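A.B. asks: Throughout the sequence shown, residue numbering follows this note's numbering, covering 776 to 1048 in sequence.
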Amino acid sequence: MLLSGNDSEQGGGSVAPVLSVKNLSTSFRVGDEWKTVVRDISFDVAPRETVAIVGESGSGKSVTSLSIMRLLPKKTSRIEGQVFLQGRELVSLPEEEMRRVRGNDISMIFQEPMTSLNPIFPIGKQIAEALTVHTDISRAEAKAEVLRLLEKVRIPNAKGRFDEYPHQFSGGMRQRVMIAMALASRPKLLIADEPTTALDVTIQGQILDLIKQLQEEEGMSVLFITHDMGVVAEVADRTIVMFRGDAVETGATDDIFHRGKHPYTRALLSAVP
Ligand code: ADP
Ligand code: MG
776 MLLSGNDSEQ
786 GGGSVAPVLS
796 VKNLSTSFRV
806 GDEWKTVVRD
816 ISFDVAPRET
826 VAIVGESGSG
836 KSVTSLSIMR
846 LLPKKTSRIE
856 GQVFLQGREL
866 VSLPEEEMRR
876 VRGNDISMIF
886 QEPMTSLNPI
896 FPIGKQIAEA
906 LTVHTDISRA
916 EAKAEVLRLL
926 EKVRIPNAKG
936 RFDEYPHQFS
946 GGMRQRVMIA
956 MALASRPKLL
966 IADEPTTALD
976 VTIQGQILDL
986 IKQLQEEEGM
996 SVLFITHDMG
1006 VVAEVADRTI
1016 VMFRGDAVET
1026 GATDDIFHRG
1036 KHPYTRALLS
1046 AVP
């Protein structure tokens, strides 16, 4: 395949990645010492690709994503290496510009949607707020867009639920609301940190299907964090296996399932039914 100019940045003719993480290390200050919890991690996420980070609790998955977003406590954490979002380096970006990246270019969803929703505001209003932060649209336009988003995440009777409060939604429906909010800025990259872990198994499947469908419709890239190899098989084109802060394996998901070499990868795979 022949590509010209910037498209061939990666060499070998591949398309430029949306996200490129290069030699990322993150340390926390513990007393007088720095403890490194993510060690020299490098990976790319291509346009429309889903990359999974899988590993046991405490292996550094969330710290990796929070480092990309620069959402760690400034005084007690240190990030080394580089993170490029469509070629723009984020680790060294002024905070003001980083805030704009968080608002416009990368969205994140988490395990427990209730912690990110305000219990005293109707969900329609909260999504409208997320919208008006990014754009200067009118109230009426915002309301129409909120409805479109609620329908996009397949919330039944979206119009009727606009004025309901978070506690009136089930866990799965609340995660749909969070995904709607995450889509409001039309991000290039969605980081999903264990978005189905708190949900019942049947609901988990529905949310995974939704994320896959939306990814195709919106043309986003997804960085999907999970401790569950079964989920990896469902969603990921490529997979990074993390073990105690190291990326011990990186490759096509299929290869990792069939030819994963690291003992920890083998152990993870043996747990998949
Ligand atoms: P997980 O893979 O379960 O998401 P984390 O990335 O949350 O793991 O955590 C990796 C390691 O970093 C853990 O040992 C955790 O205790 C430590 N850690 C996470 N956040 C902080 C913090 N803000 N300050 C100090 N240590 C932290
Ligand atoms: Mg985590």
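Glycine is no exception: its CB is placed at the ideal position from the N, C-alpha and C atoms. In this text the structure is predicted, and so the values were computed from the model without any measurement.
L841 by DSSP, collapsed to three states: which one?
C.D. replies: helix
A.B. asks: Roughly how many angstroms lie between the CA atoms of E831 and Q979, to the nearest whole one?
C.D. replies: 19 Å
A.B. asks: Which value, in whole angstroms, describes the spacing of the CA atoms of A919 and I816?
C.D. replies: 42 Å
A.B. asks: Consult DSSP for A973 and reduce its assignment to one of helix, strand or coil.
C.D. replies: DSSP places A973 in coil when its eight states are reduced to three.
A.B. asks: Look at the alpha carbon of P1048 and the alpha carbon of S996, and state the distance between them as a whole number of angstroms.
C.D. replies: Rounded to the nearest angstrom, the gap between the Cα atoms of P1048 and S996 is 28 Å.
A.B. asks: Let me confirm a value: E1024 is counted as buried when at least 16 other C-beta atoms fall within 10 Å, else exposed. Which label applies?
C.D. replies: buried
A.B. asks: Can you tell me whether V790 is helix, strand or coil according to DSSP?
C.D. replies: coil
A.B. asks: Answer yes or no: do V1010 and T851 have a C-beta to C-beta separation smaller than 8 Å?
C.D. replies: no
A.B. asks: Leaving out five residues before and five after L841 in sequence, what residues of the same chain have Cβ atoms less than 7 Å from its Cβ?
C.D. replies: Cβ within range, chain order: L847.
A.B. asks: Thinking C-alpha only, which one of A903, P822, D1030 and F818 is nearest A957?
C.D. replies: A903
A.B. asks: Counting pairs of beta carbons, one from the segment 806 to 813 and one from the segment 983 to 990, are three or more of them closer than 8 Å?
C.D. replies: no
A.B. asks: Look at the alpha carbon of F944 and the alpha carbon of F999, and state the distance between them as a whole number of angstroms.
C.D. replies: 24 Å
A.B. asks: Does the distance from the CB of L865 to the CB of M873 come in under 8 Å?
C.D. replies: yes
A.B. asks: Is the beta carbon of V952 less than 8 Å from the beta carbon of F937?
C.D. replies: no
A.B. asks: Per DSSP, what kind of secondary structure is M995 in: helix, strand or coil?
C.D. replies: coil
A.B. asks: Taking T1014 as part of the beta strand (DSSP E), name the residues at either end of that continuous run.
C.D. replies: R1013 to F1018
A.B. asks: For a test of the three-state rule: what should DSSP assign to L860, helix, strand or coil?
C.D. replies: strand
A.B. asks: Collect the residues with a C-beta less than 5 Å away from any heavy atom of ligand 1 and give them in sequence order along the chain.
C.D. replies: F803, V812, S832, G833, S834, G835, K836, S837 and V838
A.B. asks: Leaving out five residues before and five after L964 in sequence, what residues of the same chain have Cβ atoms less than 8 Å from its Cβ?
C.D. replies: Around L964: V793, L794, V820, L860, D880, I881, S882, M995, S996, V997 and L998.
A.B. asks: Between the alpha carbons of T890 and K927, how many angstroms are there, rounded?
C.D. replies: Spanning the two alpha carbons is a distance of roughly 22 Å.
A.B. asks: Using 8 Å as the threshold, is the C-beta distance between M1017 and G835 below it?
C.D. replies: yes
A.B. asks: If you run the structure through DSSP and keep just helix, strand and coil, what is E784?
C.D. replies: Any answer about E784 is weak, because its pLDDT of 41 lies below 50 and its placement is not dependable; what the coordinates show is given next. In this structure, E784 counts as coil in the three-state DSSP scheme.
A.B. asks: Can we count D968 as close to ligand 2, meaning its CB is less than 7 Å from some heavy atom?
C.D. replies: Checking every heavy atom of ligand 2 against the Cβ of D968, one is found closer than 7 Å.
A.B. asks: With a 10 Å radius around its C-beta and 16 neighbouring C-beta atoms as the bar for buried, classify R949 as buried or exposed.
C.D. replies: buried
A.B. asks: Report all residues from its chain with a CB closer than 7 Å to the CB of N781; omit the five preceding and five following residues, and keep chain order.
C.D. replies: Any reading at N781 must be qualified, since the residue scores a pLDDT of 45, below 50, and its modelled position is unreliable; the value itself is stated next. Cβ-Cβ distances below 7 Å link N781 to A791 in the same chain, with the five nearest sequence neighbours on each side left out; the list follows chain order.
A.B. asks: So what's S867 in DSSP terms, helix, strand or just coil?
C.D. replies: coil
A.B. asks: Using the rule of at least 16 other Cβ atoms within 10 Å of the residue's Cβ for burial, across every protein chain shown, is D968 buried or exposed?
C.D. replies: buried
A.B. asks: Considering only the alpha carbon of each residue, which of E993, L974 and D911 lies closest to V1006?
C.D. replies: For V1006, the nearest C-alpha among the options comes from L974.
A.B. asks: Can you give the Cα-Cα distance for E784 and S867, rounded to whole angstroms?
C.D. replies: In this prediction, E784 scores a pLDDT of 41, lower than 50, which makes its location untrustworthy; the coordinate-derived value is nonetheless stated afterwards. Between the alpha carbons of E784 and S867 lies a gap of roughly 21 Å.
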